[in-house]
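Student: Mapping the sequence shown onto numbering that gives the first Met the number 0, position 117 (from 1) lands on 116, and the numbers just tick up by one.
Backbone N, C-alpha and C define an ideal beta-carbon position, used for all residues, glycine too.
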Amino acid sequence: MRFAVVGDPVEHSRSPAIHNAAFASLGIDAEFVSMQVPASEFDSVVRALRSGELDGVSATMPHKQNAFEAADDVGPSASRSGAVNALIVRDGRLIGHNTDVAGVLYAFHSVAADADAPVLLLGTGGAAAAALLAVEGREVYISGRDEARAHMLAERVGVEVEVVPWATPVQMATVINATPLGMAGEHLPAGVVERAGALVDMPYGDERSPAVGHALALGLPTADGLTMLVGQAVEAFELFTGLRAPAMTMEQAVRQVDG
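1. Going by alpha carbons, who is nearest to L53 out of A195, E30, M247?
2. For L238, I'd like the list of residues in its chain whose CB is within less than 7 Å of its CB, leaving aside the five on either flank, ordered along the chain.
3. Three-state secondary structure (DSSP) at V233?
4. Helix, strand or coil for E30? Go by DSSP, reduced to three states.
5. Would you please state the rounded distance, in angstroms, between the beta carbons of H62 and A38? I believe it to be under 8 Å.
6. Mind reading off the beta-carbon distance from I94 to M249? Whole number of angstroms is fine, and I expect it under 8 Å.
7. Do you know whose CA, among A222, P8, A232, lies nearest A111's CA?
8. Quick one: Cα of A147 to Cα of P164, how far?
9. According to DSSP, is A3 part of a helix, a strand, or is it coil?
10. Taking just the CA atoms, how far does D115 sit from D42?
11. Along the chain, where does the alpha helix (DSSP H) that runs through V253 open and close?
12. If the criterion is Cβ atoms closer than 8 Å, does the pair G190 and P168 meet it?
13. Using a threshold of 8 Å, state whether the C-beta atoms of I141 and V156 are closer than that.
14. Spell out the partners DSSP gives N176 in its beta bridges.
15. Does the beta-carbon of L217 have 16 or more other beta-carbons within 10 angstroms, so that it is buried, or is it exposed?
16. Roughly how many angstroms separate the alpha carbons of S32 and E68, rounded to a whole number?
17. Mapping DSSP to helix, strand and coil, what is P8?
18. Quick one: what's got a C-beta closer than 8 Å to V211's C-beta in the same chain, skipping five residues either side?
19. E154 to V36, Cα distance in whole Å?
20. Around the C-beta of Q231, are 16 or more other C-beta atoms found within 10 angstroms, so that it is buried, or is it exposed?
21. Please classify Q170: does DSSP put it in a helix, a strand, or coil?
22. Mind checking which residues open and close the beta strand (DSSP E) that includes M92?
23. Output yes or no for whether 8 Å exceeds the beta carbon distance between A177 and A130.
24. Is G258 helix, strand or coil by DSSP?
25. Check each candidate in G81, Q170, A20 and name the one with the smallest Cα separation from A127.
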């Protein structure tokens with residue numbers, strides 16, 4: 000079997016290391032590679048899936064909308080979020096899933112957030128849509144630079160929230176950073192982490208983000224972007240193979256990747 004993560008850029012992706020470690024641990028004859036595919040050339044990925052050259056793909060930026068549109072059928076999370084990040088072939092049809100929701104839940108549970116604690120979600124894009132689905136039913140505040148987009152996101156996903164101005168802290172909230180802030184060393188707005196009860200930071204890069212470093216220094220329960228990456232990979236692996244994912248092996252693999 001052959002799988003791939005497709006994106007542009009994609010060379011930074013740790014998905015091949017995670018999945019290949021899982022295949023090896025279970026003795027599965029399969030490989031997971033990275034493929035740099037410009038946004039305008041996603042049709043080549045669809046052809047590879049339909050021809051059997053690929054058995055499944057993980058789609059990262061800028062392809063989550065392309066993957067959604069290419070799918071013959073989509074799962075509930077993909078339908079509500081409007082994005083697909085895993086495509087598999089079943090009986091000749093392309094089935095789209097959004098495993099980012101599972102990734103956020105995996106990271107959220109890892110910080111053991113108080114069930115009654117509010118959630119402060121930063122961001123209004125596709126990552127925020129997945130996060131919103133993951134915390135549905137809790138007391139949720141959304142903060143984005145464009146408040147109109149925050150309202151539109153909540154309406155589109157169908158989750159009841161309160162929209163607050165950008166950079167507004169919420170006392171003892173579990174903060175979910177669904178923005179790119181931190182990937183290039185940027186800080187979250189002042190006060191947001193200081194008044195939080197826990198942090199789930201979705202971006203990841205070669206270095207620990209300032210938000211994660213700050214939260215750890217404050218003694219807050221913290222999950223970084225690599226934790227979320229493993230969580231979504233666990234669900235993707237199980238969709239790809241039909242087998243229970245070796246989550247501990249995948250956790251170890253993602254932390255061993257250099258640079």
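Tutor: Based on what the coordinates show:
1. Nearest to L53 by C-alpha distance, out of A195, E30, M247, is E30.
2. A85, I87, H96, listed in sequence order.
3. It is helical.
4. Taken through DSSP and simplified to helix, strand or coil, E30 comes out as strand.
5. Separation of the CB atoms of H62 and A38 is rounded to 7 Å, and the pair is thereby assigned contact status at 8 Å.
6. Separation of the CB atoms of I94 and M249 is rounded to 22 Å, and the pair is thereby denied contact status at 8 Å.
7. For A111, the closest C-alpha among the options A222, P8, A232 is that of A222.
8. Going by the C-alpha atoms only, they are around 11 Å apart.
9. Strand, per DSSP.
10. Between D42 and D115, the C-alpha separation is close to 45 Å.
11. That run of the alpha helix (DSSP H) goes 246 to 255.
12. Between G190 and P168, the CB-CB gap stays under 8 Å.
13. Not in contact: I141 and V156 (Cβ atoms no closer than 8 Å).
14. Per DSSP, the beta bridge partners of N176 are L121, D200.
15. L217 should be labelled exposed.
16. The displayed chain sequence assigns Val, not Ser, to residue 32. If you take the alpha carbons of V32 and E68, they lie about 23 Å apart.
17. In the structure shown, P8 sits in coil (DSSP, three-state: anything other than H, G, I, E or B).
18. Scanning its chain for C-beta atoms nearer than 8 Å, with the 5 sequence neighbours on each side dropped, one finds around V211 the residues G181, L198, D200, T221, D223, in chain order.
19. A straight line joining the alpha-carbon of E154 with that of V36 spans about 32 Å.
20. It counts as buried.
21. In this structure, Q170 counts as coil in the three-state DSSP scheme.
22. The sequence shown places Arg at residue 92, not Met. Residues 92 to 96.
23. A130 is positioned such that its CB atom lies closer than 8 Å to that of A177.
24. Because the pLDDT at G258 is just 41, under 50, the model does not fix this residue reliably, and the point stays unresolved.
25. Ranking G81, Q170, A20 by Cα distance to A127 puts G81 first.
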